[in-house]
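Per the numbering used here, the very first residue in the sequence shown carries number 47; after that it's consecutive.
By construction, the Cβ of each residue, glycine as well, lies at the ideal position given by its N, Cα and C atoms.
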Amino acid sequence: MMGQVANTEVSVLITGESGTGKEVVARNLHLNSARADKPFVPINCGAIPRELLESELFGHEKGAFTGAISSRVGRFELADGGTLFLDEIGDMPLTMQVKLLRVLQERSFERVGGVKTIQTDVRILAATHKDLEKMIDEGEFRQDLFYRINVFPIEMPSLRERATDVPLLLNELITAMEAEGRGSVRFNSGAIASLCRHNWPGNVRELANLVERMAILHPHGIVGLEDLPKKFLHLSDQEINEASLSATSLSQNSPSENSSTAAQSVVPIQGLSCSVSSSSGSGSPGFLPPDGDSLLPLHGLDLKEYLANLEKDLIEQALDDSGGVVARAADRLHIRRTTLVEKMRKYQLQRRQTEAEVGAESESKLESEDQQKADAASSSHEDPDQAASA
């Protein structure tokens, strides 16, 4: 849906609770439009004092009001040729709504205290967490302005309404964090299952803050249930015990710091899935959801590389779940053992030794050392006559 409207000139109204990523959507719409090489200028209409909002939007001339010691360019001029993002437009006072409507209709304005008409070429994207239609009924928002900005509405659901997106969002947040050099972290599926049941009052912003916090506390490590703050724990005692037992074999295996695949942002624990309740369906943590609208990013992706990364991750998961036994991993992947060995060689994956193999190797080493000691002792106690004759 966003891909269809991005490369148009229509105004878009993005609605949703605070923290649902409305500005991220606005930026993506701009970056995938014909105006991508022009400015993207955001302004939070609710964060600027009412008496200064007009000056912020349209600029002012020197001496226009007390303190205006020089001329100032407004956001409309700064965004010329690009996109102006009016965040929290529901907080804009009625008097300002009238002036904004005039600019949108006539595509021109005057600076505060000025007489020169300035032509403007901007695309308008707006966002709000308020119910504008209810505000219209209550006389707090202009109906004509609403229809002007609401040509194409996009509603951002709260994170609690799309809990199965949590693994995908974790992947995106961790990938972005790694790309910016701000560290890295991974979550096992026990932690994922618990996060999927959280209410997320702070929406995506709350999830992003959690990822940042865990990356600081567990740099390049794997976050399990025991590492999550108490308010994020939503599994039953039985599920927690099962997750703890399943996680034991993974606790020593941190993923590579140089891994570039988003799918590796989640380390799987067998038996737990990302579902809000037993009746809400389940998904597989670490995999993209089967929603065609959210699978392909607006900027596209390298399909060959993506599939290779996904195949490598699945092989690693199968090997981990099978205790490093290649034959069992091949059975889980429904392929021949020789095929799996070839793919392991292709991705330079080393088979992890099982505990039995490690034990057998240690026992063999000890036996070898004992034999060497015995040979040395036998040599030191040779018959003196035999030694002399030698």
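Legend entry - Range of the contiguous alpha helix (DSSP H) that encloses I60: Position 14 of the sequence shown holds residue 60. Looking at the DSSP string, I60 is not in any alpha helix (DSSP H); the run it does join, the beta strand (DSSP E), is V58 to T61.
Legend entry - Counterpart residues of V269 in DSSP-defined beta bridges: Numbered from 1 along the sequence shown, position 223 holds the residue referred to as residue 269. F233.
Inset, instruction - Taking R194 as the reference, give the member of M48, L214 and S57 with the closest Cα. - result: Position 148 of the sequence shown holds residue 194. Among M48, L214 and S57, the Cα nearest to that of R194 belongs to S57.
Inset, instruction - Consult DSSP for P213 and reduce its assignment to one of helix, strand or coil. - result: Within the sequence shown, numbered from 1, the residue matching residue 213 stands at position 167. If DSSP states are grouped into helix, strand and coil, P213 belongs with the helices.
Legend entry - Beta-carbon gap between E252 and G65 smaller than 8 Å: Within the sequence shown, numbered from 1, the residue matching residue 252 stands at position 206. Within the sequence shown, numbered from 1, the residue matching residue 65 stands at position 19. Result yes, Cβ atoms of E252 and G65 sit closer than 8 Å.
Inset, instruction - Can you give me the start and stop residues for the alpha helix (DSSP H) that I361 sits inside? - result: As a first step, residue 361 is located in the sequence shown; it is residue number 315 there, counting from the start. First-last of the alpha helix (DSSP H) with I361: L349 to D367.
Inset, instruction - State the beta-bridge partners of P88 as determined by DSSP. - result: Translated into positions along the sequence shown, residue 88 becomes position 42. In DSSP, P88 forms a bridge with F131.
Inset, instruction - Would you tell me roughly how many angstroms separate the C-alpha atoms of C242 and E362, rounded to the nearest one? - result: Within the sequence shown, residue 242 is the residue found at index 196, counting from 1. Within the sequence shown, residue 362 is the residue found at index 316, counting from 1. Their Cα atoms are separated by approximately 24 Å.
Inset, instruction - Assign D348 to one of two classes, buried (16 or more other C-beta atoms within 10 Å of its C-beta) or exposed (fewer than that). - result: For the purposes of this step, residue 348 is taken as residue 302 along the sequence shown, with counting starting at 1. Exposed.
Inset, instruction - Give me the Cα-Cα distance between L263 and M223, rounded to the nearest whole angstrom. - result: As a working note, residue 263 is residue 217 in the sequence shown. As a working note, residue 223 is residue 177 in the sequence shown. Roughly 15 Å separates the two Cα atoms.
Inset, instruction - Please report how far the alpha carbon of D137 lies from the alpha carbon of I60, in whole angstroms. - result: Along the sequence shown, read from residue 1 onward, the residue named residue 137 stands at position 91. Along the sequence shown, read from residue 1 onward, the residue named residue 60 stands at position 14. For D137 and I60, the distance between alpha carbons rounds to 14 Å.
Inset, instruction - Please report how far the alpha carbon of V51 lies from the alpha carbon of A72, in whole angstroms. - result: By 1-based counting over the sequence shown, the position of residue 51 is 5. By 1-based counting over the sequence shown, the position of residue 72 is 26. Roughly 11 Å between the two C-alpha positions.
Legend entry - Unbroken alpha helix (DSSP H) run spanning F192, endpoints: Mapped onto the sequence shown, residue 192 falls at position 146. Looking at the DSSP string, the run of the alpha helix (DSSP H) that includes F192 is Q189 to I195.
Inset, instruction - Could you spell out the range, first to last residue, of the alpha helix (DSSP H) harbouring L75? - result: Here residue 75 refers to the residue found at position 29 when the sequence shown is read from its first residue. First-last of the alpha helix (DSSP H) with L75: K68 to L77.
Inset, instruction - From the DSSP output, in three-state form, read off V51 for me. - result: If you number the sequence shown from 1, residue 51 lands on position 5. Helix at V51.
Inset, instruction - Out of E156, S154, L103 and T129, state which residue places its alpha-carbon closest to the alpha-carbon of N74. - result: For this step, residue 74 is matched to residue 28 along the sequence shown. Of the listed residues, the one whose Cα sits closest to N74 is T129.
Inset, instruction - Compute the Euclidean distance between the alpha carbons of D273 and S235, then round it to the nearest angstrom. - result: For the purposes of this step, residue 273 is taken as residue 227 along the sequence shown, with counting starting at 1. For the purposes of this step, residue 235 is taken as residue 189 along the sequence shown, with counting starting at 1. Computed Cα separation, rounded: 13 Å.
Inset, instruction - Within its chain, find whatever has a CB closer than 7 Å to the CB of E303; leave out the 5 residues flanking it on each side and keep chain order. - result: Position 257 of the sequence shown holds residue 303. Any answer about E303 is weak, because its pLDDT of 40 lies below 50 and its placement is not dependable; what the coordinates show is given next. Cβ neighbours of E303 beyond the five flanking positions: S230 and H266.
Inset, instruction - Consult DSSP for F111 and reduce its assignment to one of helix, strand or coil. - result: Translated into the one-based positions of the sequence shown, residue 111 becomes position 65. Residue state, collapsed to three classes: coil.
Legend entry - Beta carbon of L216 nearer than 8 Å to that of V250: Walking along the sequence shown from the start, residue 216 turns up at place 170. Walking along the sequence shown from the start, residue 250 turns up at place 204. The Cβ atoms of L216 and V250 lie no closer than 8 Å to each other.
Legend entry - Bounding residues of the alpha helix (DSSP H) (the contiguous stretch that carries Q151): By one-based count along the sequence shown, residue 151 stands at place 105. Per DSSP, Q151 belongs to the alpha helix (DSSP H) from L140 to E152.
Legend entry - Rounded straight-line distance, which links the Cα of R374 to that of K364: As a first step, residue 364 must be located in the sequence shown, where it is residue number 318. As a first step, residue 374 must be located in the sequence shown, where it is residue number 328. The sequence as given places Ala at residue 364; Lys does not occur at that position. Each residue's alpha carbon lies about 8 Å from the other.
Legend entry - E100, buried or exposed, once every other Cβ within 10 Å from all chains shown has been counted against 16: Position 54 of the sequence shown, counting from 1, holds the residue named residue 100. Classification for E100: buried.
Inset, instruction - Using 7 Å as the cut-off, classify the Cβ of K180 as near or not near the heavy atoms of the ligand PLP, replying yes or no. - result: Looking at this structure, you won't find the ligand PLP or any other ligand, since it has none at all.
Legend entry - Between the CA atoms of S116 and E152 - distance to the nearest angstrom: Mapped onto the sequence shown, residue 152 falls at position 106. Mapped onto the sequence shown, residue 116 falls at position 70. Across the structure, E152 and S116 are spaced so that their CA atoms are roughly 27 Å apart.
Inset, instruction - Mind reading off the beta-carbon distance from G120 to R157? Whole number of angstroms is fine, and I expect it under 8 Å. - result: As a position in the sequence shown, residue 120 is number 74, starting the count at 1. As a position in the sequence shown, residue 157 is number 111, starting the count at 1. The Cβ separation is near 7 Å, so the contact holds.
Inset, instruction - Given a cut-off of 8 Å, decide if I164 and E123 are closer than it, judged by their beta-carbon atoms. - result: Position 77 of the sequence shown, counted from the start, is the residue given in the question as residue 123. Position 118 of the sequence shown, counted from the start, is the residue given in the question as residue 164. Taking 8 Å as the Cβ cut-off, E123 and I164 qualify as a contacting pair.
Legend entry - Host beta strand (DSSP E) of L171 (start-end): For the purposes of this step, residue 171 is taken as residue 125 along the sequence shown, with counting starting at 1. In the DSSP assignment, L171 falls within the unbroken beta strand (DSSP E) covering R169 to T174.
Inset, instruction - Leaving out five residues on either side along the sequence, give the residues of the same chain with a beta carbon under 8 Å from the beta carbon of Q228. - result: For the purposes of this step, residue 228 is identified with residue 182 of the sequence shown, where counting begins at 1. Note that residue 228 corresponds to Arg in the displayed sequence, not to Gln. Same-chain partners within the cutoff: E258 and A261.
Inset, instruction - In the DSSP assignment, find the beta strand (DSSP E) that holds I200 and state where it starts and stops. - result: Your numbering for residue 200 matches position 154 in the sequence shown. Taken as a continuous stretch (DSSP letters only), the beta strand (DSSP E) holding I200 covers F198 to E201.
Inset, instruction - On the DSSP bridge assignment, give the partners of Q165 in chain order. - result: Walking along the sequence shown from the start, residue 165 turns up at place 119. S154.
Inset, instruction - Measure how close the beta-carbons of K350 and Y393 come, nearest whole angstrom, since I'm counting them as under 8 Å. - result: On the sequence shown, position 304 is the one that residue 350 refers to. On the sequence shown, position 347 is the one that residue 393 refers to. Not quite, the Cβ-Cβ distance comes to about 14 Å (not below 8 Å), so this is no contact.
Inset, instruction - My understanding is that P213 touches I238, with C-beta atoms under 8 Å, so please give their C-beta distance in whole angstroms. - result: Taking the sequence shown and counting its residues from 1, one reaches residue 213 at position 167. Taking the sequence shown and counting its residues from 1, one reaches residue 238 at position 192. Contact between P213 and I238 holds, since their C-beta atoms are separated by about 6 Å, short of 8 Å.
Inset, instruction - May I have the straight-line CA-CA distance separating A376 from L353, to the nearest angstrom? - result: As a working mapping, residue 376 is identified with position 330 in the sequence shown. As a working mapping, residue 353 is identified with position 307 in the sequence shown. Approximately 18 Å, taken between the alpha carbons.
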